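In the working numbering, each number is its position in the sequence shown, counted from 1, plus 7.
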Amino acid sequence: MEGGQYCVSVAVWSTVFYILVSGNLCNACQKSPFYHVIFCEEIDQFANVAVANSLEYMTHEIERELIGDLLHCHSLTAQKYAEDTGGISSLISYKKVKSTFFNVLTKSQAAAENFPFCTIDPNESRVPVPDDRFDFLCQYHKPPSKIPAFLNVVDIAGLVKGAHTGQGLGNSFLSHINACDGIFHLMRAFEDDDITHVEGSVDPVRDIEIIHEELRLKDEELIMQSIDKLEKVAVRGGDKKLKPEYDVMCKIKTWVIDEKKAVRFYHDWNDKEIDVLNKHLFFTSKPMIYLVNLSEKDYIRKKNKWLIKIKEWVDKHDPGALVIPFSGALELKLQDMSAEEKQKYLEENMTQSALAKIIKAGYAALQLEYFFTAGPDEVRAWTIRKGTKAPQAAGKIHTDFEKGFIMAEVMKYEDFKEGGSEAAVKAAGKYRQQGRNYIVEDGDIIFFKFNTPQQPKKK
């Protein structure tokens, strides 16, 4: 796996755009990856005066660039799975809206026709994660090699009602979701007679409910299959080792099938239950980011009749999940402008592109962060999961770095930028030598010292 490369699935159904994340559970914190995530500032700006009070809680820390440390105590995470696989993301849609957005996001040219199942085979593209710190280090060192962190986005076949039974391209759709690490849920919240809707009308809340139910129904099938197999061995066969897993699956069945709720909505899974959930990776264990696609007019004026209804639904059914308004029409227009034209247009309309926030959100959803190695030859962002210790971070560069680890010499990016050089950081006493137990922090600039492992002698 290349350093910094992770994949996020974007899924869109009709008016809905999903980012599908196959989420492993975090044994350390046992909380869902999107619980406690504050909404982006746009949500508060889009709220009208009548509902301002109901949105007041979202204004705390609202100027934060995106989600920083918002994932520190969540129950479902894709951290281990994403790190091992490179993180897979799928973009699925019923209509032109989804593939058009995929093209804008990735600057590619996937088919974007106005008919169902335009996307049959998945289109995949790597998207660099925007980071001013990386840009500064590149400008400072001017190296010939510049490698940022990446998010892999996959545009996959659309979903229709009944997909869990194979309707439409349901089986293909769901298999791609199963392989992904995260879900962007794209909701169409604009009227356009030229872009038809599979249900005949625009209703993003209805579309959210259809998608959630299709994923839950597929989990029902998987849960019952697992219980049937375990029952034969653990209950009727008397295998005591598998009895605990059977009991956990029965608890999951109660939650998902009897109470009709997503796996990630339950906050109190214990360590053993989390291990079982990680083994099965159910569809509804994947954290979800909701992207609300507005008309350019609504996005600029920060008003839309569906936004509050969407927020109310998410608050009730997926509490704490991140909601990001954007305008696909605006992003498409900006893509055809020069940098100067784009800046002028955004300033005149007092707005900004949402693409950077969407990309960062997809990356952070996977409980990922990165450290930098920086010098005159190369500036590179190395992707790790949150909580990684220094030797394991060194191993991302080369396995010998981890095996022969001595220490990590660490500068904080802020200290380097403020001081202006490595020498200045050292003079200020802020150049640290860290040992094996040091937990690498996002944005650390690191130089690793290690012993070359001894090669076994030939007999």
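A virtual CB, placed ideally from N, CA and C, is assigned to each residue, including glycine. Computed from a predicted structure; not experimentally measured.
CA-CA distance, Ser360 to Lys304, rounds to 14 Å. For Arg140, the enclosing alpha helix (DSSP H) begins and ends at Asp139 to His148. Residue state for Asn300 is assigned as strand, using DSSP reduced to three classes. The Cβ-Cβ distance between Asn444 and Lys396 falls below 8 Å. Taken through DSSP and simplified to helix, strand or coil, Thr459 comes out as coil. In the same chain as Asp226, and ignoring 5 residues on each side of it, the C-beta atoms closer than 6 Å to its own belong to Val263, Phe289, Phe290 and Thr291, in chain order.
A check of alpha carbon separations from Gly402 across Phe412, Lys393 and Gly426 identifies Phe412 as the nearest.
Distance check between Val255 and each of Asp265, Ile234, His274 and Ala196 places Ile234 closest, using alpha-carbon atoms only. Within a 10 Å sphere around the beta-carbon of His274 sit fewer than 16 other beta-carbons, which makes this residue exposed.
Val321 counts as buried, since at least 16 other C-beta atoms from the protein chains shown sit within 10 angstroms of its C-beta. Within the same chain, Cβ atoms closer than 6 Å to the Cβ of Lys250 are found at Ala241, the five residues on either side in sequence being excluded. DSSP, reduced to helix, strand and coil, places Val161 within a strand of the structure shown. Tyr420 and Ala156 do not touch by the CB rule: their CB atoms are close to 14 Å apart, not below 8 Å. Annotated as proximal: Arg223 and Lys267, with beta-carbon spacing under 8 Å.
His219 places its beta carbon 8 Å or farther from that of Ala186. Here Thr395 carries a coil assignment [DSSP, helix/strand/coil].
Residue environment for Arg392: buried (at least 16 other C-beta atoms within 10 angstroms of its C-beta). Contact between the stretch 336–344 and the stretch 372–384 is absent: fewer than 3 CB-CB pairs across the two stretches fall below 8 Å.
As the crow flies, the alpha-carbon of Leu284 is around 10 Å from that of Arg271.
Under the rule that a run must span 3 or more residues, the beta strand (DSSP E) segments found entirely inside the stretch 315–346 read 330–333. Separation of the CB atoms of Ile317 and Pro211 is rounded to 6 Å, and the pair is thereby assigned contact status at 8 Å. Within the same chain, Cβ atoms closer than 6 Å to the Cβ of Lys349 are found at Leu341, the five residues on either side in sequence being excluded. Within 10 angstroms of the beta-carbon of Ala435 lie fewer than 16 other beta-carbons, which makes it exposed.
Scanning its chain for C-beta atoms nearer than 7 Å, with the 5 sequence neighbours on each side dropped, one finds around Phe143 the residues Lys424, in chain order. Close CB contacts of Arg140 within its chain, under the 7 Å cut and outside five residues either way in sequence, are with Tyr420 and Gly450 (chain order). In this structure, Leu314 sits away from Asp188, with a CB-CB distance that is not shorter than 8 Å. Around the C-beta of Ile446, fewer than 16 other C-beta atoms lie within 10 Å, and the residue is accordingly described as exposed.
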